[in-house]
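Numbering (this note's numbering), first residue to last: 2 to 183.
Below, the structure is given as structure tokens:
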């Protein structure tokens, strides 16, 4: 293609003219969202239901977010814990951080509710809070950014989440807030 050309890949110009639909996670009122465990979505894949959970450690736009290093360490430790849990390991599909660094997404096989995840996540975050060993997968062979870790920060975030949210979890921490207005 000539450097002054205005040509675009096939269909790209048409896509730019169409208004894109807002994705469901952007319809949640983040100004009213508390720390908690929320069902973000349920998807059917063949005969299976996959439930995506919003595991929210921070109140969006209201408190400091996790550092990337602490979030990365929580990702490694929780992924290891979840995939080794005798009851849940065969149902865990994915555990990973949100780009906004206020929480994580957990994808689990099954038509599940937020309450179904409380015990598992309470145990998992207690595991992170008490972890005092070598971080699983924190080496150049196993991880794409192995030096970006903060075990002390991860432990502090996990402890806070257990003590301030999971130990005394209520309905406001399990169901997305209803948007006010139209």
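Ideal Cβ positions, reconstructed from N, Cα and C, are used throughout, including at glycine.
Exercise for the section: Please classify residue 72: does DSSP put it in a helix, a strand, or coil? Expected result: Looking up residue 72 in the chain shown gives position 71. Reduced to three states, the DSSP call for residue 72 is helix.
Handout entry: Option nearest residue 151 by Cα separation, candidates 163, 171, 40 and 130
Key = Numbered from its first residue, the chain shown carries residue 151 at position 150. Comparing Cα positions, the closest option is 130.
Practice task
To the nearest angstrom, report how far apart residue 163 and residue 56 are at their CA atoms.
Solution key: On the chain shown, position 162 is the one that residue 163 refers to. On the chain shown, position 55 is the one that residue 56 refers to. Using only the alpha carbons, I get a separation of about 12 Å.
Problem - Assigned secondary structure, residue 32 (DSSP; H/G/I helix, E/B strand, else coil) - result: The residue given as residue 32 occupies position 31 in the chain shown. Coil, per DSSP.
Exercise for the section: Can you grab the Cα-Cα spacing for the pair residue 67 / residue 165, in whole Å? Expected result: Position 66 of the chain shown, counted from the start, is the residue given in the question as residue 67. Position 164 of the chain shown, counted from the start, is the residue given in the question as residue 165. Whole-angstrom Cα-Cα distance: 16 Å.
Practice task
Over the uninterrupted beta strand (DSSP E) stretch that includes residue 60, give me the two end residues.
Solution key: In the chain shown, counting from the first residue as 1, residue 60 sits at position 59. Run containing residue 60: none; DSSP gives neither H nor E here.
Practice task
Please state whether DSSP places residue 54 in a helix, a strand or coil.
Solution key: As a position in the chain shown, residue 54 is number 53, starting the count at 1. DSSP places residue 54 in strand when its eight states are reduced to three.
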